[in-house]
Structures are given as structure tokens and as C-alpha cells.
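Trainee: Sending over a structure as C-alpha cells; questions will come in a sec.
Chains as they are written, first to last, in the numbering used here: chain A, 25 to 247; chain L, 9 to 472.
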């Protein structure tokens with residue numbers, strides 16, 4: 025993939041959130057509607073196109089833990105808020121590349137994680153589990169070796185302790201499991217087809233209505 | 009590969025008549041176990057062991073020997089391998105330790121060994137292993153003295169990376185009356201590895217189940233692919249599971265992917281049954297002797313209120329449900345109560361029905377229900393109690409045979425356990441006509457292993 029080759033040539037060890045999602049999108053994994061801006065004028069135009077409320081994130085390849093660095097603003101509701109958020113984020117970023125990713129704010133209370141890692145014995149492996157801030161705390165996750173069959177993907181959903189959140193609970197719709205299975209299978213396929221990709225995190229993968237959408241993503245490259 | 013298990017002749021290198029000589033035990037173990045092939049003890053010094061002269065000049069060995077076991081110091085192993093090669097021996101078990109398991113750096117002795125094996129096209133197991141035990145041929149190559157009289161023949165074969173575990177499984181599987189067909193300690197797996205052995209056992213007519221004890225999996229993909237096509241169940245006790253998450257990992261996924269979580273997923277994909285102790289290996293071996301468990305709906309029957317509750321808890325914790333039973337069936341069983349003081353439901357407390365006939369009839373009818381997949385029966389058994397209930401069942405075998413008949417007629421499993429004195433449980437286990445588990449919880453655990461295996465195999469065959 026050209027995007028990955030270019031990144032490696034430029035000495036990147038990870039792809040930015042924006043680039044990572046382009047990789048996912050090229051495999052038809054649903055991602056947030058988003059655009060990169062580097063000035064206030066473009067910001068207003070893009071924000072209007074996407075529609076408020078929006079999410080804004082400082083974006084470059086060398087930033088992976090954006091929350092800790094104060095580079096994220098969620099629920100930005102109008103031009104005024106967007107403009108001041110842009111100033112704050114770019115001020116907090118060091119380095120020359122001060123792009124801000126403007127993206128749709130995906131509503132959904134259920135946050136999942138999907139990932140890829142390479143195991144020395146088993147090769148590319150897909151992870152699935154509870155996402156967001158709970159991923160590291162609860163470690164409610166499960167793995168399968170790629171390539172995944174559909175039954176593997178369905179088993180993974182069944183296997184996490186929090187499997188009931190995929191059902192119709194507390195007024196929320198039951199998750200589109202076929203679509204979720206397709207995402208898990210595809211992430212395995214990305215691992216099989218791209219030797220240069222070492223790891224992937226899609227976290228969170230938010231359930232919007234009943235459809236999963238990749239809201240944040242990180243692709244780690246083989247150095 | 010057959011020569012590793014049923015050789016017609018065996019040479020043992022490293023034998024001496026010294027009291028603590030280890031290679032001597034190899035000869036003794038084979039003789040004790042009734043190995044019928046010719047044994048050639050080879051050593052440096054002259055002497056006699058078990059009425060046989062030690063051969064000090066290996067060039068005098070005949071040229072048609074099937075298998076050699078080498079237990080000489082590590083720097084002499086390659087040289088001994090060459091002697092084997094020259095004598096036309098193509099199968100060798102290298103018991104000697106002190107190779108890569110002992111020192112990490114470039115190991116000259118190991119390289120020499122490999123070179124010699126290649127030169128003479130010798131297939132070898134080890135080094136750093138105790139080789140093989142075969143209850144059918146009587147071959148028994150461990151170098152520690154074993155009580156081979158206690159070994160029981162069976163249909164389970166076991167591959168263990170560790171010699172200690174290999175020996176222990178021989179004892180444990182025999183004591184649980186499961187027995188074993190072949191046990192192999194694979195050691196450093198320099199040549200023959202677990203994949204070669206699994207492949208052999210998949211074809212072996214004396215093996216119905218393949219059990220593995222591994223501390224590391226080097227060729228994960230290979231095991232998965234092999235297991236997926238194995239017609240025989242594969243059971244794995246994988247130890248060495250402590251966290252090894254790479255601290256430098258950049259993504260959460262890699263940091264969370266400690267080897268054990270990946271192994272867990274991979275084994276499920278392959279339909280390999282994972283257990284966590286040698287004891288659980290035996291539980292699983294018994295479970296796999298039962299008819300398949302095609303779902304998670306059980307009838308739980310006990311002879312005491314307490315054990316009914318314990319059964320109910322165990323069923324739930326292993327993901328089973330105990331559906332409501334038809335009221336005609338309940339009423340019928342209730343009509344046999346003596347005091348009429350216990351209400352029947354599922355789990356069912358048989359404490360008030362003092363008849364084995366009624367019990368067996370109830371088991372049969374429950375098992376025949378189309379929405380019931382199996383039964384957990386936790387029953388009392390003691391000669392005294394049995395006298396009160398039914399005289400003809402004072403012999404343990406009779407009850408087990410009746411249970412077996414019902415289970416096989418319906419093609420559904422009965423997870424059987426007894427609450428009684430240990431000596432009685434041993435007697436029931438020894439009868440061995442139907443698997444008996446050590447306690448209530450274990451019987452439910454066994455059913456859960458069986459259920460998961462059945463589900464995997466069914467899905468697998470649907471996909472073909």
C-alpha cells in the first residue's frame with residue numbers, strides 16, 4: 025500500500041490517526057467522517073460540511089496517546105468553540121506539523137476494541153474486547169489467529185465477559201454482529217496481506233445505533 | 009517412526025554394572041515390562057547385567073538393530089551416533105542432557121549431533137529426554153527405575169516435553185484406570201518434534217486420544233493445521249503461561265497479547281481441548297470416552313438435597329441449564345417416594361426414593377427427552393446403603409453396566425460421580441465399565457469439556 029510505503033520511507037514507525045483510518049477505510053472498515061486542517065479558515069469550512077457537534081484532535085504520526093496530552097476536544101458545538109479549540113490544540117503540539125483532525129462526533133455508549141498483533145509462533149492475531157478506558161483496566165479481551173472464519177469472529181463476541189452489551193440492553197439496539205464479524209475478519213486479512221504492519225489498535229470502535237464505527241485507530245509499522 | 013515404539017531389537021549405549029548406572033535401568037524397565045525384542049547392552053567396561061554380557065566393542069553388534077538409546081556424556085553423543093550410523097541403526101533416542109537446554113550459546117555438541125544424524129539419515133528423539141513407553145510392545149526407555157507393573161494398557165497416548173511429567177502421566181493415567189498406549193518424552197525436539205509425533209499418533213491404531221504436555225509451542229501454525237484435520241481428540245496441558253507481554257509494545261493490542269491469551273484463542277480455533285493440570289488431563293480422557301454432549305441442557309440427579317444444590321451450582325458455573333421436566337414424569341417419580349416429603353424438580357433429589365430400578369428408569373426417561381442433552385448423576389454407593397435399597401446392586405460393576413447401557417442406547421452422556429468412602433470410589437473406578445469421576449464438581453467439569461469439544465467438532469464437520 026502506497027500510504028504505508030511512503031510512511032516507512034519517511035522514517036515513520038506509526039501512522040497518524042488519519043492515515044491509520046485511511047488504511048482501514050481502504051479495506052471497507054467503517055471509520056468516522058473526518059478531514060485534516062492546518063488553518064482556521066479551512067477548519068470552519070470543514071466543520072460546517074461535517075456538521076456540529078464535532079471532535080477535534082491534534083494529529084501527527086508521533087502522537088499516539090492524545091488524551092493524556094490534552095490534544096482532544098469533543099462535543100465542539102459552533103464556530104466560536106471550534107476556533108478557540110484549534111488555537112489551544114495547536115499551541116499544545118510541539119513539532120512543525122500542526123494539523124488538526126476534524127471529525128464527526130459519533131454517538132454511542134458502547135465502546136469496543138479491535139486490534140492486530142503478530143505472535144512469534146502463530147503469526148498475525150486479531151484481538152477483540154471491551155474498548156475505551158476499560159481495555160487496559162479490565163482486560164476483557166480475546167484473541168484468534170488470522171485468517172479468521174466467521175465462526176471464530178462470532179465466538180470472540182460470545183467469549184468476552186461483557187458479551188451482553190452486544191445484545192439489546194437498556195434501550196440500545198442489538199449490535200449488527202455480521203458487520204462486526206466482517207471487521208474482525210478484515211483486520212486479520214490486513215495483517216496477512218501487509219507484512220509492513222506490525223500492530224493495529226482500533227479503540228474505540230463505537231457502536232452507533234447498531235453499527236460499529238472506528239473512531240480512533242493506530243497502525244504500528246515494522247521498523 | 010514405528011521403530012521408536014515397537015522395535016524388534018534395541019541397543020542401549022552407556023551401560024555399566026555399577027550400582028547407580030542409569031542406562032542399566034533402561035534394560036531393566038524393558039525386561040520388567042515384557043519387551044520381547046532382543047536387547048544389546050553396550051558399555052565401556054566389561055561386566056554382566058541381568059544375565060547379559062555388556063558389549064564393549066560395538067563393531068560386534070549385528071547390523072539389523074531397529075533402535076538405539078544413547079545415555080553417554082554429552083561430548084560423546086555424536087561419536088556414539090556415528091557408531092549407530094555405521095551399524096545401520098536409523099532410529100535413536102538421545103537421553104543425554106546438557107545440550108541447548110543447559111547452555112544457550114552455540115552448542116558444539118548439538119551441532120555435531122545434528123551433523124552425524126544427517127550424515128547417516130538417522131531420525132532421533134531428544135536429546136534431554138527419557139524416550140518412549142509402549143504398553144503394547146513393552147518398550148520402556150526411561151532411565152529411572154519404574155514400577156512398570158502398575159502401568160495399565162489403554163487407548164490414550166501422551167507426548168510430554170518433560171521426562172518427569174511423562175513418567176508421572178504413566179502413573180497417573182494408570183491409577184485412574186484410563187491406562188495409556190504410548191508415552192513419549194520429546195526433550196529438546198532437535199529432530200523429531202511434537203508435530204511428527206502427533207501425525208504418527210493420528211494414524212496409530214492403538215491410539216484413540218492424543219494428550220500433550222508442552223512448555224513451549226514453536227510451530228503454532230503447524231499444530232493448528234494438524235489438529236484441525238485430526239479425527240482423534242487432542243488435549244493439551246500448556247504450562248509456562250506467565251505474562252510475557254512486551255513492555256516496549258507501542259499498541260495496546262501487542263501489550264495485551266501475552267502469549268497465553270493468543271494460545272487460548274488459537275487452541276479453540278484448532279479444536280484442541282485445553283486443560284490446566286495432569287489431573288485435568290485424566291478428567292478429560294474419561295470425558296472423551298462418553299457419547300458426545302450436543303448441548304448444554306442437563307438433568308441433575310442426586311440422592312441428597314445438599315448434593316442436588318451443589319450439582320445445581322456446578323451446572324450453572326460451567327454454563328449448563330437444568331430445564332423443567334414434564335409433569336407426568338415428575339408425578340411418576342413422586343409416586344415412588346417413601347415419605348412423600350421431597351418435591352421433585354430439576355435438579356432432582358432422589359433421597360426419598362429407595363429403589364435403583366426407579367432411578368435407572370428415571371435416568372432413561374430423562375435421557376430420552378429430546379430437549380435434554382445429558383445427565384449429571386451424583387449418587388451414593390456403599391455396600392451398607394445398597395443392601396437397604398436393592399440387593400442385586402451390591403456389586404459396583406452391575407450399576408455401572410446398567411448406566412452404560414442406558415447412556416449408549418440414547419447416545420447421550422451421563423456424568424457419574426459417587427459420594428461415599430474413597431475405597432468404594434476406587435472400587436467403582438477400577439471396574440471401569442463406565443467412567444466414574446472423583447466428585448460432583450469434576451463430573452460437571454468433565455461434561456463441560458465434552459460439550460465444548462462436541463460443539464467444535466460439529467461445526468468443523470459442517471464446514472467440510
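All C-beta atoms, glycine included, are put in the ideal place defined by N, C-alpha and C.
Residue 218 of chain L and residue 149 of chain L look like a contact to me (Cβ under 8 angstroms); what is the Cβ gap, rounded to whole Å?
Mentor: About 20 angstroms; that fails the 8 angstroms criterion.
Trainee: Please confirm whether residue 329 of chain L has its beta-carbon closer than 7 angstroms to some beta-carbon of chain A.
Mentor: Not closer than 7 angstroms to any Cβ of chain A, the Cβ of residue 329 of chain L fails to qualify, so no.
Trainee: So, at 7 angstroms on beta carbons, what are the nonlocal neighbours of residue 471 of chain L in its own chain, with the 5 sequence-adjacent residues on each side left out?
Mentor: Any reading at residue 471 of chain L must be qualified, since the residue scores a pLDDT of 42, below 50, and its modelled position is unreliable; the value itself is stated next. Result list for residue 471 of chain L: empty, nothing under 7 angstroms.
Trainee: Quick check on the DSSP output: what are the complete alpha helix (DSSP H) runs of length 4 or more inside the segment 88-112 of chain L, in order along the chain?
Mentor: Fully enclosed alpha helix (DSSP H) runs of 4 or longer: not present.
Trainee: With respect to the alpha helix (DSSP H) encompassing residue 180 of chain A, which residues constitute its N-terminal and C-terminal limits?
Mentor: Looking at the DSSP string, the run of the alpha helix (DSSP H) that includes residue 180 of chain A is 174-183.
Trainee: Strictly under 7 angstroms for the Cβ-Cβ distance: is residue 145 of chain A near chain L by that measure?
Mentor: Cβ-Cβ to chain L under 7 angstroms: yes for residue 145 of chain A.
Trainee: What number of angstroms, rounded off, separates the C-alpha of residue 204 of chain L from the C-alpha of residue 151 of chain L?
Mentor: One C-alpha to the other measures close to 23 angstroms.
Trainee: Can you tell me the Cα-Cα spacing of residue 50 of chain L and residue 32 of chain L, whole angstroms?
Mentor: Straight-line Cα distance between these residues: approximately 10 angstroms.
Trainee: Quick one: measure Cβ to Cβ for residue 200 of chain L and residue 133 of chain L, integer angstroms, because I've assumed they're closer than 8 angstroms.
Mentor: So it is a contact: roughly 5 angstroms between Cβ atoms.
Trainee: Taking CB distances under 7 angstroms as the criterion, tell me whether residue 281 of chain L reaches chain A.
Mentor: Chain A contact via Cβ: absent.
Trainee: Return the residues of the segment 132-159 of chain A that lie within a Cβ-Cβ distance of less than 9 angstroms from chain L, sorted by chain order.
Mentor: Correct list: 137, 138, 139, 140, 141, 142, 143, 144, 145, 146, 147, 149, 150, 151, 153, 159.
Trainee: For residue 213 of chain A, which residues from the same chain have a beta carbon less than 8 angstroms from its beta carbon, with the 5 sequence-adjacent residues on both sides left out?
Mentor: Excluding positions up to five away in sequence, the list reads 51, 170, 171.
Trainee: Tell me the DSSP secondary structure of residue 185 of chain L in three-state form.
Mentor: Coil, per DSSP.
Trainee: Quick check: residue 318 of chain L and residue 385 of chain L, are their CB atoms within less than 7 angstroms of each other?
Mentor: Contact: no.
Trainee: Cα-Cα, which of A/140, A/78, A/235 is closest to residue 220 of chain A?
Mentor: Ranking A/140, A/78, A/235 by Cα distance to residue 220 of chain A puts A/140 first.
Trainee: Taking 7 angstroms as the threshold (beta carbon to beta carbon), is residue 273 of chain L in contact with chain A?
Mentor: Interface residue, yes.
Trainee: In the DSSP output, which residue or residues are listed as bridge partners for residue 149 of chain A?
Mentor: Bridge partners of residue 149 of chain A: A/141, A/169.
Trainee: Please list the terminal residues of the continuous beta strand (DSSP E) segment that includes residue 190 of chain L.
Mentor: Note, residue 190 of chain L: beta strand (DSSP E), 190-193.
Trainee: Suppose the cutoff is 6 angstroms on Cβ atoms and the five residues either side in sequence are ignored; what does the same chain contact list for residue 92 of chain L look like?
Mentor: Same-chain partners within the cutoff: 76, 100.
Trainee: Tell me whether residue 41 of chain A is buried or exposed, calling it buried when 16 or more other Cβ atoms sit within 10 Å of its Cβ.
Mentor: With 16 or more Cβ atoms within 10 Å of its Cβ, residue 41 of chain A is classed as buried.
Trainee: Compare the C-beta of residue 230 of chain L against all C-beta atoms of chain A and say whether one is closer than 7 angstroms.
Mentor: It does not; no Cβ of chain A falls within 7 angstroms.
Trainee: Is it buried or exposed for residue 195 of chain L, if we count other Cβ within 10 angstroms and need 16 for buried?
Mentor: Buried: at least 16 other Cβ atoms inside 10 Å.
Trainee: Can you name, in chain order, every residue of its own chain whose Cβ lies under 6 angstroms from the Cβ of residue 174 of chain A, other than the five neighbours on each side?
Mentor: Hits under 6 angstroms: 205.
Trainee: Contact criterion: CB-CB distance below 7 angstroms. Does residue 211 of chain A meet it with respect to chain L?
Mentor: No, no contact with chain L.
Trainee: Does residue 107 of chain A get closer than 7 angstroms to chain L when you measure Cβ to Cβ?
Mentor: With 7 angstroms as the cut-off, residue 107 of chain A does not count as an interface residue toward chain L.
Trainee: Checking contacts by CB at 7 angstroms: is residue 317 of chain L closer than that to chain A?
Mentor: Closer than 7 angstroms: no.
Trainee: Nearest to residue 429 of chain L by CA position, among L/352, L/390, L/98, is which residue?
Mentor: For residue 429 of chain L, the nearest C-alpha among the options comes from L/390.
Trainee: Could you give the distance in angstroms between the alpha-carbon of residue 143 of chain L and the alpha-carbon of residue 26 of chain L?
Mentor: Rounded to whole angstroms, residue 143 of chain L to residue 26 of chain L spans 28 angstroms at the Cα level.
Trainee: Considering only residues of the segment 179-222 of chain A, which uninterrupted alpha helix (DSSP H) runs meet the minimum length of 4 residues and lie entirely inside it, listed in chain order?
Mentor: Listed in chain order, they are 201-217.
Trainee: To the nearest angstrom, how far is the alpha carbon of residue 59 of chain A from that of residue 455 of chain L?
Mentor: If I take the Cα positions, the gap works out to 55 angstroms.
Trainee: Of all the alpha helix (DSSP H) runs that stay within the bounds of the segment 36-63 of chain A, which reach a length of 4 or more residues?
Mentor: Counting only runs of 4 or more, we get 41-50.
Trainee: Which residue from L/47, L/423, L/352, L/313 puts its Cα closest to that of residue 341 of chain L?
Mentor: When only C-alpha atoms are compared, the closest one is L/352.
Trainee: Nearest chain A C-beta to residue 225 of chain L closer than 7 angstroms, yes or no?
Mentor: Yes, residue 225 of chain L counts as interfacial toward chain A.
Trainee: My understanding is that residue 95 of chain A touches residue 82 of chain A, with C-beta atoms under 8 angstroms, so please give their C-beta distance in whole angstroms.
Mentor: With a Cβ gap of about 3 angstroms, residue 95 of chain A and residue 82 of chain A count as contacting.
Trainee: In the DSSP assignment, find the beta strand (DSSP E) that holds residue 233 of chain L and state where it starts and stops.
Mentor: Here residue 233 of chain L belongs to no beta strand (DSSP E); instead the alpha helix (DSSP H) covers 228-236.
Trainee: Work out the CA separation of residue 406 of chain L and residue 437 of chain L for me, nearest whole Å.
Mentor: Their Cα atoms are separated by approximately 13 angstroms.
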